[in-house]
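The listed protein sequences derive, respectively, from chains A and B. Counting from 1, one number per residue, gives the positions in the first sequence under this note's numbering. Counting from 1001, one number per residue, gives the positions in the second sequence under this note's numbering. Every residue, glycine too, gets a C-beta built ideally from N, C-alpha and C. Working notes, structure below.
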Amino acid sequence: MRRPALLLLGLSAALACDKRGQGPAPTPPVATAPAAPTATERDPEPPGPRRQTLLRGAIVMTATGKTYARADLLIEGSKIAAVGVDLPVPAGATVIDLGGKTLTPGIIDTHSHLGVYAAPGLVGHSDGNEATAPNTAGIRAGDAYFPQDPQIDRARAGGVTTMQILPGSANLFGGRSVTVRLIPGARSVTDARFPGAPEGLKMACGENPKRVYGSKSGPSTRMGNVAGHRDAFQRASEYQRSWAKYHKDLSEWTAKKNAPPPPPPDPKLKQPADQSDTNDKPDKPPEEPTPPARDFGLETLVGVLRGEILVHNHCYRADEMSLMLELAATYGFKIRSFHHATEAYKIADRLAAAGTSASVWADWWGFKAEALDGIRENAALLTQAGARAIIHSDSAHGIQRLNQEAAKAMFAGRHAGIDITDDQALRWITANPAWALGVAERTGTLETGKLADLVVWSGDPFSVYTVAEQVFIAGELVYVRGKLEPHTDFELGYLPDELTAPQAPK
Amino acid sequence: MRTLPVTLALALLSGLSGMSAEAAPPAARRTTAAPTPARAGPVYLVGGELHLGDGTIIKDSVIAMDRGVFTIVGGPEARARLPAGATLVDARTRIITPGLFAADTQLGLIEIDQEASTHDDGKATEHPIRAAHDAAQGLNAASSLIPVQAVEGITSAAIAPTGGLISGQVAIIDLVHGDHRGLVARPRAATAAHYGQTHAGSRAATLAMLREVLADARSFPSRRAAFDRAQSRPLSAHPLDLEALQPILRGQAVLTLSADRASDILSALDLAAEFKLRLTIIGGAEAWKVADELARAKVPVIVQPSQNLPVSFDSMGARLDNAALLHRAGVPVVLAILGGVHNLRNLKQEAGIAVANGMPWEAALTAVTLGPARAYGVERTHGSIAVGKVANLVVWSGDPFELSSAAVQVYVRGALVPQVTRQTLLRDRYRDLKQFNQKRN
């Protein structure tokens, strides 16, 4: 009997979390699974006086629409304390002269499998697709995230400061994502987790679920895919209802239990000779309501219905994305971002109207039938139509140069006569993905009060010759080209110089 | 800034379409190294900054192309040789380079990667030796992938079959969309094979099989009669495959071997020395570790600069400056997109990445033009801008490797490539979405 008690404890913790964000009871259990700490509590701001660093004399591209030809940025602790021209040097501040180099927000990738498909691509490293059932909404990418994946170091060297790690797209519901920061030295996902970032749910349309399950349990067609989506959300609504009923019953029961016992009958008063009189026995307390069986998969979907878990939907074709928008409207949830979305440009108006972003590649196309219509102007056409465009990687190589991917998409737009500004293209890889991950309040632009997630570029970030020279995550300098290039445990002993060169003392 | 007169452009277009009707005999039947003579009329480009592809730069250049080949290449002094009254294409402010050459690709053999019905790149058989497999006979010149690459400056490609230990024959094509009979510029320029743990589960087994096949192939011409009389011991491969290996044993064609691990590359060098092969290494993730030996053997290495990940234990030493280190050591470096057929157009970006990581700019240009032509043994006809060579050329709006630059004009065999692809058609159809809502109402 200890187990249900523990479960209830977990539940009450989850409920406690809910009250902050949502309205009054009754509340069903929510996706904040017991083991996942709510990261806001862990937002690391070291005690003591806050370290100040002034980055001076840079071209500052803020991703808010404003670009400074020459400005300074003050970091205080983990945050940006000021952005402006000729900022005064605070006493005791470290000053880094950037000599006209370019400063941008840290790059954010909405779609990565680093850590769940770690390099080398060994059988033992394949942890990205729980391809055992088409609906594994209850599993979490964070549980498989391997912080010793050497690909993480390369991504950081490309200026990436935040990324969403998603389960793969084999399943209709792949599971929950985790948003992590690319800090070196993380020993578990908990160390890397972005404080306060909401979880995401990976969903998939189209060919992948069909291909993986066609010869197994199904689905084997797009009909089966959508039926699986619909069925799951229907069951989630019912699950939500059954929990609502439980909470209602429980609160009534609790009220009754805690109510003061009725006063003993006054013998002097004459009792009405009704039936209750004859049935009057010692009160048997009503039975405590039993909670419905807990289902972590349905909890995830309830989290989606409540707007607390953000939907990231792998979907290529315009017709399928349109259908998914209709399904979401039916069940009353939002799709935060379509991923890959090679045909997003065909429904840019619908995406803009739905407030759904599209995470796209600059130029991938043709590797499967549903990707045949991919074009380089996708992001530019989306932006022109007022939709929120994002350039994502889904690649351990692409993530290293998302600035170049954004550049290709931007110049393709311009060559086609679609006027995309540098700031807009920068937003494709900073502010817009921050929004899609639900962390736009904290990162994604260079503004006072936001986390100091920054990249210093050797030149124009949209040039092929430009490299990231310095990377800051939450105010901490985590990468300096040629000087501070942290490597994971995995590469020790494989890197060419380490076995011969004397180790530098730390 | 396009200064090409409309009439001339139209003439060039009709020249291009005319080529398909009555051009050279089918690729399969041609055996010479001569490029398909195109019927494109004369084009004169003047004023551009010309990079020949061999390291030479000519300012204020003059180029003439006629019937598919370069007829004049020079500086301002060559203006005197232009015919009076010729219509000139003004290329001032432009950079002109040879067309880019995509190494080791399956362009025209694959339309959609994950759809097997669109694949003609590999021969499905259990036998690892498929040397006679000439995949280029099944090339689809109407592939939608060809214009997508061509409009961004890819003008030639080495079409390699895949699968097995020896996959088959590599053909060199020029990217003339739709010209089924004329696409192939040079059939059977190379034989494609793979080293590493390709065969029977071990490197030693792979190497032993390669040695056995090459030894059988070497002795096969003298034993052919005995074989036909069934008086020969069993051979390691079909007679047609052994015959197909004769050109590489005679040094008339190249053997390409894919290999990433440093130890594999050394084994490949030993094999090439033993059989006196003209070798090109493909992949070469750890080639920088054995750069001196590669330089001494003058063996070209085809690498993809962006591939810096330890994706397997064969490429633990992968690094971004591989191309730069190889070049510095004197290895003939070729840059390529390895794997994937749809975005060969990003070759220029790969060249830029190589430069960003230390490769000299002009060397990177050679590595995507004359370098691949040499690596496949077709440098006499392809890879650089020189009189008599196939007129494959690109006029760029700026630095060809920069992401901001575009190919303003692309000429393949002297004919201007129309800037229309399936992708531009899709883009223009969905540029204005209001029309779809209007249609519905």
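Under a Cβ-count criterion, where at least 16 other Cβ atoms within 10 Å of its own Cβ denotes burial, should residue i be classed as buried or exposed?
i       : result
A/A14   : Any reading at A/A14 must be qualified, since the residue scores a pLDDT of 36, below 50, and its modelled position is unreliable; the value itself is stated next. It counts as buried.
A/G142  : buried
A/M410  : buried
A/P263  : exposed
B/N1437 : exposed
B/F1313 : exposed
A/E76   : buried
A/D489  : exposed
B/I1110 : buried
A/T179  : buried
B/S1202 : exposed
B/Q1231 : exposed
B/P1221 : exposed
B/V1073 : buried
B/M1316 : buried
A/K589  : Absent from the model: residue 589 of chain A. The displayed extent of chain A is 1 to 506, so no value can be given.
B/T1198 : buried
B/L1277 : buried
Would residue i and residue j qualify as a contact pair, given that the criterion is a beta-carbon distance under 7 Å?
i       : j       : result
B/I1248 : B/L1242 : no
A/A344  : A/N378  : yes
A/L98   : A/G57   : yes
A/Q52   : A/P90   : yes
A/T161  : A/D453  : yes
A/I429  : A/I107  : yes
B/I1281 : B/A1253 : no
A/T443  : A/A434  : yes
B/F1070 : B/A1391 : yes
A/P285  : A/Y246  : no
A/L298  : A/Y239  : yes
A/I420  : B/Q1423 : no
B/V1331 : B/V1368 : no
A/G206  : A/E370  : yes
May I ask you to list the residues that DSSP assigns as paired with residue i?
i       : result
A/H339  : A/H314, A/S359
A/E476  : A/I473
A/F146  : Answer is none; A/F146 lacks a bridge partner.
B/S992  : Nothing about residue 992 of chain B can be reported from this structure: the residues present for chain B run from 1001 to 1441 only.
A/P84   : Residue 84 of chain A is actually Gly in this sequence, not Pro. A/G84 is bridged to A/D72.
A/G366  : Looking at the DSSP assignment, A/G366 forms no beta bridge with any residue, so it has no partner.
B/P1083 : According to DSSP, which records beta bridges pairwise, B/P1083 is partnered with nothing at all.
Leaving out the 5 sequence neighbours to the left and right, which residues in its chain are closer than 7 Å to residue i when beta-carbon positions are compared?
i       : result
B/R1427 : none
B/G1358 : D1321, A1324
A/R388  : S357, N432, W435
A/I473  : G106, T161, R181, L182, I183, D453
Residue i: which of the options sits nearest, CA to CA?
i       : options                            : result
A/W364  : A/D349, A/A341, A/T383, A/A385     : A/A341
A/L103  : A/A81, A/A71, A/Y117               : A/A71
B/I1353 : B/R1278, B/A1268, B/A1297, B/F1401 : B/F1401
B/E1049 : B/G1041, B/M1316, B/V1170, B/S1061 : B/S1061
A/N171  : A/V304, A/R481, A/A232, A/D86      : A/A232
B/Y1044 : B/T1056, B/G1068, B/G1053, B/I1057 : B/G1068
B/E1115 : A/G444, A/F462, A/F367             : A/F367
A/A118  : A/A406, A/I107, A/R154             : A/R154
A/K210  : A/K284, A/N135, A/T290, A/K268     : A/N135
B/V1387 : B/R1081, B/I1063, B/G1085          : B/I1063
B/P1187 : B/V1378, B/S1405, B/A1193          : B/V1378
B/A1131 : B/S1404, B/N1322, B/M1316, B/Q1169 : B/Q1169
A/P49   : A/G92, A/M61, A/D86                : A/G92
B/A1318 : B/R1328, B/G1284, B/L1145          : B/G1284
A/D349  : A/T330, A/T383, A/G482, A/H339     : A/T383
A/R187  : A/F333, A/L301, A/L55, A/P147      : A/P147
Could you name the residues of the same chain whose beta carbon sits closer than 6 Å to that of residue i, not counting the 5 residues immediately before and after it, in chain order?
i       : result
A/L310  : P198, G200, R336, G438
B/D1066 : P1042
A/D149  : L114, G115, A118
Between residue i and chain C, is any beta-carbon pair separated by less than 7 Å?
i      : result
A/Y494 : Here chain C cannot be found, since the structure's protein chains are A and B.
Keeping to the same chain, check which residues put their C-beta closer than 8 Å to that of residue i; ignore five residues upstream and five downstream.
i       : result
B/E1362 : H1051, G1055, I1057
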